[in-house]
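Start counting the sequence shown at 7; every next residue gets the next number (our numbering). This report concerns only the one structure given below.
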Amino acid sequence: MYRMKRRSITMTEGKLLPNMLAFYFPLVASSILQLLFNAADIIVVGKFAGDNSLAAVSSTGSLVGLLVNSFIGISTGTNVVVARYLGADEKDKVHDAVHSSVAFALLGGAVMAVFGFFGSRWMLELMDSPADVIDLSALYLKIYFLGVPFSLLYNFEAAVLRSKGDTKRPLLFLTIAGFVNVVLNLLLVIVFKMDVAGVAVATVVSQVISALLITLSLLKEEWYLKLYPRQIRLEKNSFFEIMKVGLPAGIQSALFSVSNVLIQSSVNSFGSSVMAGNGAAVNIENFTYSIMNGFYQTGQTFIGQNYGARKYDRILKTAALSLVLVIVSGILASSVVMAVPEFFLEIYTDSPAVIAAGIDRFTYVEKWYFLDGIMDVMSGVLRGMGYSMVPMIVTIFGVCVFRIIWIKTVFKAAPLISNVYITYPISWIMTFVGHVIMFLIVLPKVKKYCEEKEKTAE
């Protein structure tokens, strides 16, 4: 039996809840620190550069998500596949998967950097970005995309560490990088008056630091997890397995972002104040999302290892615990925000119009955010069991297609901001129900797969 060593958490044996929580807390702290990179940008710009600059930076999130998150979504494949190999004690395959993941991160990051740098303004024009913010948005994105290779490298290498139960070192590295990001934000925007360019440069520097630190840690791992620079390549078998799980997740993330870009375009039609309020609210909601998303990643990783070890009962217990924990955490986080919405929005801006626009979004989205959490958890459960195409298809129709149809019909007939925001909770409910149905369909196959190990042992 493979046992985790040093900095790792046992996933295939022992008490499940304490181990899941030990894995979860450093993971969610890391996610929140990543959000603080962008939040620091928006807070500093909103306070010291004005509403137009705030709208320019905050409105780029959906576009960044479309181009970058599709590649980061593929890192899900690294997490699940490496966890599965570790659970099955197949160390040679772990070694190949690590190097294929790093090779893909470097290649994908280079492609995204070039495309994002030269195509930023063109994409903003397609989104109908207002004339008073498009120049600032384009400048921010050009600089931001220069750091994408380092962002992808960090995320893929962090997926490797998480797969063995190590969530503490990624947290440490992001803490260091996050501190540098905040200091540079204040220095470049307040002292050197660099506006959106200053926050973009600060973000890129922080991404470089986090990537270098996590790469250095992999250079010192045990042989099967250790990164050997001369062996970085796309090894056919491991790369195929990673893509088998990760590519559907990446496609899902990209198409998810397409619908968000369409929604952002609809929001843009209401002017810069609504854009700024929406952007500030999204940043606050992202913290709620990260608190819940930690249980999605925890459940997915634990199920991946237990699927590799063929422990059916532990798979079911992990799925049930993940759902309970994400509901509780989501409701608690949203309740805190909804209790004092003005307080949180005033961190980003002093404009009454922007604050009012942010509260409008909270009413329809933040209040029901736990629905997004249970949708994601069920998606992670299916991926952990090796069914990555299933949640992709369900999500494409339940979220992407539905939102696009809604914007083109309901919103077009009644162009109210409420008719933009209400698409979120409706699509979450539809997709969650679809995931549950598919889970019940594939469960007998998973049970049969796990029982085959017992028969072989006999």
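All C-beta atoms, glycine included, are put in the ideal place defined by N, C-alpha and C. None of these values were measured; they are calculated from a predicted model.
* **Buried or exposed by the 16-neighbour rule on C-beta atoms within 10 Å, applied to Gly-20** => exposed
* Asked: Three-state secondary structure (DSSP) at Tyr-313?
  -> helix
* **Ser-212 to Met-133 span [Cα, whole Å]** => 28 angstroms
* Asked: Quick one: what's got a C-beta closer than 7 angstroms to Leu-167's C-beta in the same chain, skipping five residues either side?
  -> Arg-175 and Pro-176
* Should Lys-99 be labelled buried (16 or more other beta-carbon atoms within 10 Å of its own) or exposed? -> buried
* To do: Check Leu-60 in the structure and name its three-state DSSP category.
  => helix
* Asked: Hey, how far is the Cα of Thr-18 from the Cα of Val-371?
  -> 36 angstroms
* Would DSSP call Lys-11 helix, strand or coil? -> In this prediction, Lys-11 has a pLDDT of 45, which is less than 50 and means its spatial position is unreliable; what the coordinates show is noted afterwards. The answer is coil: DSSP assigns Lys-11 none of H, G, I, E or B.
* Do Phe-179 and Leu-219 have their C-beta atoms within less than 8 angstroms of each other? -> yes
* With 16 other CB atoms within 10 Å as the buried threshold, where does Val-137 fall? -> It should be pointed out that residue 137 corresponds to Ala in this sequence rather than to Val. With fewer than 16 other Cβ atoms within 10 Å, it is exposed.
* CA-CA distance, Leu-69 and Asn-284? -> 15 angstroms
* So is Pro-254 buried or exposed if we call it buried at 16+ other beta carbons inside 10 Å? -> buried
* Alpha carbon of Phe-156 to alpha carbon of Ile-78, nearest angstrom -> 12 angstroms
* To do: Select from Lys-454, Asp-172 and Leu-329 the residue whose C-alpha is nearest the C-alpha of Leu-231.
  => Asp-172
* **Closest by C-alpha distance to Phe-242, when choosing among Ser-65, Val-416, Val-188 and Ser-107** => As written in the sequence, residue 242 is Lys, which differs from the Phe given in the question. Per the Cα distances, Ser-107.
* Does the distance from the CB of Val-288 to the CB of Val-51 come in under 8 angstroms? -> no
* Whole-angstrom distance between Leu-42 and Leu-142, CA atom to CA atom -> 21 angstroms
* Asked: Nearest CA to the CA of Met-60: which residue from Gly-71, Phe-121, Ile-48 and Thr-66?
  -> A quick correction: the sequence has Leu, not Met, at residue 60. Measuring from the Cα of Leu-60, the nearest candidate turns out to be Ile-48.
* Going straight from the alpha carbon of Gly-390 to that of Leu-194, what length do you get? -> 43 angstroms
* Asked: Which residues in the same chain have their Cβ closer than 8 angstroms to the Cβ of Lys-11, if we skip the five residues on either side of it in sequence?
  -> Residue placement at Lys-11 cannot be trusted, given a pLDDT of 45 that sits under 50; the coordinates are not used to answer.
* Residue ranges of each alpha helix (DSSP H) run of no fewer than 4 residues wholly in the region 218-269, ordered along the chain? -> none
* Asked: When we look at the beta-carbon of Trp-128 and count the other beta-carbons within 10 Å, is it buried (16 or more) or exposed?
  -> exposed
* Asked: Quick one: Cα of Pro-32 to Cα of Lys-323, how far?
  -> 22 angstroms
* **Same chain, Cβ closer than 6 angstroms to Ser-14, neighbours up to 5 away in sequence not counted** => Lys-170, Gly-171 and Asp-172
* **Beta-carbon proximity list for Ala-28, same chain, < 6 angstroms, skipping 5 on both sides** => Ile-15
* Would you verify that the beta carbon of Ile-428 is, or is not, closer than 8 angstroms to some beta carbon of chain C? => Of the protein chains in the structure, only one exists, and it is not chain C.
* Asked: Quick one: what does DSSP say Lys-170 is sitting in, helix, strand or coil?
  -> coil
* Rounded to a whole number of angstroms, what is the C-alpha to C-alpha distance between Asn-91 and Ile-238? -> Before going further, note that residue 91 is Tyr rather than Asn in the sequence given. Their Cα atoms are separated by approximately 19 angstroms.
* **Short Cβ contact (8 angstroms threshold) for Ser-357 with Asp-57** => yes
* Is Ser-328 buried or exposed, if buried means 16 or more other CB atoms sit within 10 Å of its CB? -> buried
* Within the same chain, show all residues whose beta-carbon is closer than 6 angstroms to that of Leu-224, passing over the 5 residues directly before and after it, in chain order. => Glu-163 and Leu-233
* Starting from Ile-410, trace the alpha helix (DSSP H) both ways and give me its first and last residue. => 408-412
* Along the alpha helix (DSSP H) that carries Phe-198, what are the first and last residues, could you check? => No alpha helix (DSSP H) holds Phe-198; DSSP gives it neither H nor E.
* **Tyr-318 beta carbon less than 8 angstroms from that of Val-383** => no
* To do: For Leu-145, I'd like the list of residues in its chain whose CB is within less than 7 angstroms of its CB, leaving aside the five on either flank, ordered along the chain.
  => Val-202 and Ala-203
* **Buried/exposed call for Phe-417, threshold 16 Cβ in 10 Å** => buried
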